[in-house]
Amino acid sequence: MEALKSRDPAACIRALHHYFDSAGGGAAAGGAAGVPPGAAAAAAAAAAGEASKGRCQSALLTLSAAHAELGHTAESLRALHEALRLAQQQGDTWALAHSLAALCRVVMMSEGVSEVPAAAADGDAGGEDSSGGGAGPPAGGLDLAAVQEQLQALELLRRCLKIACQQQCPHIAAFARLAIARFDLQHASAPPQPRAPAPQAAPGGADPGGGPEAAPACAGALRAQAALRDACVLQHAAALAAAAPPAAPAAAAAAAAPQLPGAPQRGRVGELYNPSSVFGSDARGSLRASARACAQAAGAAHLLQAAAWRQYGAPGLAVAHALAHLTCCGAGGGGDGSGGGDAATAWAQLVTLALEQQGPTAADAVLSEAAEQYALQLPKQLAAVNAGMMQARAVEEGDAAAAELWLSELASTAEPGPGLDREIKLDAALARAAALAAGGALAAAHDAAAGAFRDAARAGMQAAATSALLQLGELHLAAGDPSGALPFALSASLHCQRLCLARPAPRAALLVARLWHALAPPPGGARQALMLLRGALLPALAGRDREAVGQLQVAMAEVALSDRMDVGVAAGGSESEQRRGAKGAAAARERAAREAAARLEAGARALEVAGAWRGAQAAWSLLAVLRHAREEGGLRDAAAARALTCQRGPLSCAAG
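Numbering (the UniProt record's numbering), first residue to last: 1 to 656.
Here's what the structure looks like:
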């Protein structure tokens with residue numbers, strides 16, 4: 001474990017070799033009284049053989065897990081293939097279930113990584129051969145190799161869940177259930193699959209997840225909720241089994257007797273951890289280890305549900321599930337090594353939600369509270385969130401050197417392996433594109449955003465790919481190319497609508513409205529843009545996204561100010577009709593000006609709370625110009641002073 005923490009592969013493999021060379025020796029050293037020497041020798045040889053098989057299986061699984069943690073997917077797959085081969089030769093379905101679960105984890109890590117062959121998981125897992133397994137160039141804009149990897153990963157997960165239900169293995173069933181829900185959430189919708197026959201029910205009534213032919217667009221949230229329910233049921237069942245008193249000697253002898261041919265196999269909980277003579281299924285604490293694994297899966301289900309609610313536009317419920325994990329599933333500093341990463345993820349979710357809903361001040365308060373739980377060093381999740389916040393703050397302040405420094409800090413928190421920490425790497429790529437765009441390097445920002453889109457699309461991360469599309473459209477619009485930005489904006493808006501992505505939806509509507517206003521003729525373009533902006537404002541208010549609300553308010557004011565100049569007097573008619581038309585047009589312009597001023601002030605204050613100082617400064621400046629045109633000297637001076645305060649930075653803005 002220490003070698004893994006220090007990222008030393010050689011020391012890690014050497015420690016594993018030393019451990020398994022010295023573990024499990026000396027099994028059945030002597031015979032019992034009254035047993036013939038030949039029978040004792042045969043029993044000792046059989047016990048030694050079983051211990052050797054278990055030690056070999058455990059060594060292969062541990063070696064695969066170590067390579068996967070280090071990002072060596074090819075080496076991890078080789079160890080898993082050997083473990084699967086041994087399990088199939090020995091007819092050990094329990095070892096096969098654990099090896100298949102490890103294979104699912106590695107395949108999901110290597111999804112979208114070109115160095116791992118597409119057919120790496122075929123054959124040894126007991127599945128059919130897939131046609132066209134070779135990776136090749138995209139055909140017609142569709143990367144068929146990536147699609148094949150996604151379908152293969154989902155099929156392996158469903159097979160793992162089915163085997164876990166058949167073998168009455170609660171921790172593997174909980175893992176597979178959560179992995180399927182995470183797959184659906186990451187890919188925004190499950191690929192169409194043929195309806196499969198209903199497999200055997202899991203312990204506690206867990207659904208293996210062989211759903212209908214085509215899952216709905218919001219399947220991610222539904223699967224996450226069902227996975228949380230099933231994980232809690234499995235945790236309760238495993239905890240009851242671990243708390244039961246040990247069996248009587250007669251019952252233990254009857255359980256150890258050879259089973260009849262065709263009889264269902266007895267579940268051997270705990271062999272995942274080390275199926276040797278020391279840590280075998282009959283060792284004390286194996287049931288407790290399974291119960292602890294189920295409890296950890298239930299905590300991870302709360303985190304998955306929080307991520308689903310945040311993605312689908314319910315931040316209050318996301319906060320509730322993150323707090324439920326910290327309260328019920330192990331809070332604090334992560335001294336156990338297993339739940340510490342989940343606790344750090346829960347704190348990171350709370351910091352992100354506080355930043356989106358209440359601004360950087362509240363996010364700093366939550367981050368300082370989380371830092372008290374980790375005295376020595378912030379974990380990777382919190383360090384990444386902190387670096388992202390500081391980088392965005394430096395960009396808003398116009399400090400390019402500090403922004404580059406924090407951007408390097410954000411990128412360094414991700415592990416260097418090809419399939420590790422993809423979310424952090426994509427966030428760093430999008431943050432780099434935003435920083436380059438703020439500095440005026442639009443071409444370099446376009447290249448960075450395009451690279452992030454390719455990586456997200458290759459990995460099947462639909463939400464991140466949609467954010468990259470929006471950034472590409474905004475870069476084209478900033479470069480004065482609204483026609484080039486239109487395809488990106490329409491594609492992102494369509495993805496938000498069909499995949500029920502509530503978070504980027506207001507931003508997509510804002511971009512489409514600006515393009516509509518820029519490209520359409522003046523009378524109708526402004527009205528259509530206002531309709532789009534009004535329709536996006538309510539979801540943004542419901543999602544409590546302060547920055548999106550401020551941007552929409554300011555955009556509506558800008559469109560209204562440009563549209564009020566188009567209000568004219570109809571030609572022809574009598575002098576009285578023209579006089580009444582002129583009065584009506586003047587009244588309409590006055591109402592539009594008052595409404596625009598109110599929206600500008602509300603949008604500027606929302607942007608201040610969100611920490612978007614540049615947008616707030618632009619809004620206050622436009623409001624000052626509008627107040628000057630309306631001959632409101634006192635209000636004009638106040639708006640101009642507020643704009644200067646925002647230009648000086650967040651500290652002076654907060655003091656003002």
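Built from N, CA and C at the ideal position, the CB exists for glycine as well.
- Looking from the CA of Leu80, the closest CA among Leu100, His446, Gln305 belongs to Leu100.
- Note that the C-beta distance between Ala548 and Glu595 is not below 8 Å.
- The C-beta distance from Gln381 to Ala344 rounds to 4 Å, short enough to meet the 8 Å contact threshold.
- Scanning its chain for C-beta atoms nearer than 6 Å, with the 5 sequence neighbours on each side dropped, one finds around Arg544 the residues Pro315, Gln357, in chain order.
- Look at Gln377 here: in three-state DSSP terms it is coil, with no helix or strand label.
- Between Cys496 and Ala508, the CB-CB gap stays under 8 Å.
- Taking 4 residues as the shortest admissible run, the stretch 440-519 contains the following complete alpha helix (DSSP H) segments, listed from N- to C-terminal end: 442-459, 462-478, 482-498, 505-519.
- Within the stretch 301-357, the runs of alpha helix (DSSP H) that reach at least 4 residues and sit entirely inside it are, in chain order, 315-328.
- In the DSSP assignment, Pro416 falls outside any alpha helix (DSSP H), carrying neither H nor E.
- With respect to the C-alpha of Val609, the residue from Ala354, Gly91, Gln152 having the closest C-alpha is Ala354.
- Only exposed fits Arg14, as fewer than 16 other CB atoms lie within 10 angstroms of its CB.
- Per the C-alpha coordinates, the member of Glu558, Leu470, Ala529, Phe175 positioned closest to Phe453 is Leu470.
- Between Ala513 and Leu532, the C-beta gap is smaller than 8 Å, which places the two residues in contact.
- Collapsing the DSSP output to three states places Arg630 in coil.
- Bounds of the alpha helix (DSSP H) holding Cys104 are 93-109.
- In the displayed model, Gly611 falls within coil according to three-state DSSP, outside both helix and strand.
- The shortest C-alpha to C-alpha distance from Ala181 to any of Ala153, Glu415, Ala324, Gln168 is the one to Ala153.
- Contact between Ala557 and Leu600 holds, since their C-beta atoms are separated by about 5 Å, short of 8 Å.
- Between the alpha carbons of Ala301 and Ala227 lies a gap of roughly 7 Å.
- With distances taken between CA atoms, Ala612 lies nearest to Arg546 out of Glu631, Arg546, Arg636, Arg589.
- Closest in C-alpha terms to Ala429, from the list Ala400, Gly388, Ala402, Leu326, comes Gly388.
- In the DSSP assignment, Gln90 falls within the alpha helix (DSSP H) that extends over 73-90.
- Per DSSP, reduced to three states, the secondary structure at Arg544 is coil, with no helix or strand assignment.
- Counting only residues of its own chain and dropping the five nearest sequence neighbours on each side, Arg503 has a CB closer than 8 Å to the CB of Arg310, Gln311, Gly313, Ala463, Gly543, Asp545.
- Nearest to His171 by alpha-carbon distance, out of Arg105, Ala318, Leu234, is Leu234.
- In this structure, Leu61 and Glu82 do not form a Cβ contact; the two beta carbons are roughly 10 Å apart against a cut-off of 8 Å.
- If you compare the alpha carbons of Glu590, Gln617, Ala588, Cys328 with that of Ala602, the shortest gap goes to Gln617.
- The residue from Ala478, Gly633, Leu510 with its alpha-carbon nearest to that of Gln551 is Leu510.
- In the structure shown, His236 adopts helical secondary structure according to DSSP, grouped into three states.
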